[in-house]
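Colleague: Those letters in the sequence shown? Residues 65 to 352, per the numbering used here, in order.
Just so it is clear, CB atoms sit at the ideal spot from N, CA and C, and this is done for glycine as well.
Computed from a predicted model, the values in this text were never measured in an experiment.
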Amino acid sequence: MTAAIVGWAHTPFGKHSDETVESLIVRAATEALADAGIEAADVDEIVLGHFNAGFSAQDFTAGLVLQASDDLRFKPATRVENACATGSAAVHQATVSIAAGKSRIVLVVGVEQMTTTPGPEIGRNLLRASYLPEDGEIPGGFAGVFGVIAGKYFQRHGDQSEALARIAAKNHKNGVNNPYAQMRKDLGYDFCREESEKNPIVAGPLKRTDCSLVSDGAAALVIADVQTALRMKKAVVFRGMAHAQDFLPMSKRDILKFEGCTTAWTRALADAGITLDDLSFVETHDCF
């Protein structure tokens with residue numbers, strides 16, 4: 065790969081009613097530039113990952129990154145949206161631009177502010193990431209879509225409630241010592257395993273502990289070409305990266321095979337020249 069991370073910043077996740085999309089963007093962008101030890105004038109390009117502006121009355125949010133510094137004026141800024149992969153897609157776009165020789169330093173920012181939106185509207189906004197002609201009337205909204213998937217998995221492979229509970233318990237435990245986590249509480253396996261008043265069924269076999277919280281927050285990366293990165297105070301070089309898109313309608317694919325994820329994963333490993341046995345840490349996205 066030809067790119068490296070040379071700076072980063074991250075706000076805590078949570079309910080930030082005192083913040084706006086703009087203030088979250090500015091905070092993350094400013095802190096990332098400072099962490100990289102560069103000036104805004106050094107940035108060649110801006111990529112903003114912002115899933116659904118339906119949570120905000122303000123659209124065209126890529127332009128808000130310029131609020132972090134007047135020196136970002138006239139820099140090319142683009143908003144990237146790719147549902148749950150929005151952040152990854154923004155990073156991927158930055159590395160593609162660097163690999164093409166179009167940019168030397170790219171500022172990548174991701175932001176969402178969801179908690180100030182009423183619950184029913186949140187559900188409608190999230191459901192737009194599914195195929196509405198098929199999924200628009202599924203009870204439970206976006207969680208309901210994943211409830212259908214989980215139900216089909218149970219039918220094919222048997223009851224997986226124990227596995228789901230262990231995953232949820234592990235995730236919550238990991239958040240305890242993470243200063244950026246929204247819910248820093250070890251709920252334990254027993255609580256996650258049993259349906260209760262505090263842990264009801266949300267959709268299909270999915271309980272509340274299987275579902276991620278809506279949240280507010282922002283993060284930013286400064287990504288540079290390797291030659292520039294070698295002159296910086298720190299650099300984490302990308303070993304491999306891949307991007308794949310599967311059909312949106314569930315009716316056009318075997319939803320339990322996750323072939324889009326498998327394809328991207330296989331390509332990324334090949335790009336890096338490694339195997340699963342070479343990995344010491346894996347972070348996966350799992351909203352439900």
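Nearest to residue 126 by CA position, among 209, 315, 145, is which residue?
Modeller: 145
Colleague: Nearest CA to the CA of residue 130: which residue from 82, 93, 263?
Modeller: 93
Colleague: Run through the DSSP bridge pairs and tell me what residue 176 is partnered with.
Modeller: 281
Colleague: Determine, using beta carbons only, whether residue 274 and residue 343 come nearer to each other than 8 Å.
Modeller: no
Colleague: Can you give the beta carbon distance from residue 119 to residue 189, rounded, assuming they're within the 8 Å contact cut?
Modeller: Here residue 119 really is in contact with residue 189; their C-beta atoms are around 6 Å apart, less than 8 Å.
Colleague: DSSP has residue 109 in a bridge; who is on the other side?
Modeller: 170
Colleague: Could you check whether the Cβ of residue 222 sits closer than 8 Å to any Cβ belonging to chain B?
Modeller: As a matter of chain content, chain B is missing from the structure shown, which is built from one protein chain.
Colleague: For the beta strand (DSSP E) that residue 74 lies in, which residues bound it at each end?
Modeller: 67 to 74
Colleague: How many Å lie between residue 195 and residue 298 at the Cα?
Modeller: Between residue 195 and residue 298, the C-alpha separation is close to 42 Å.
Colleague: Starting from residue 231 and walking both ways along the beta strand (DSSP E), at which residues does that stretch end?
Modeller: From DSSP, residue 231 is part of no beta strand (DSSP E) but of the alpha helix (DSSP H) over 225 to 239.
Colleague: Among the residues of its own chain, which have a CB less than 7 Å from the CB of residue 335, if the five just before and after it don't count?
Modeller: 304, 305, 306
Colleague: With burial defined as no fewer than 16 other Cβ atoms inside 10 Å of the residue's Cβ, what is the status of residue 214: buried or exposed?
Modeller: buried
Colleague: Relative to the C-alpha of residue 224, which candidate in 315, 239, 269, 147 has its C-alpha closest?
Modeller: 269
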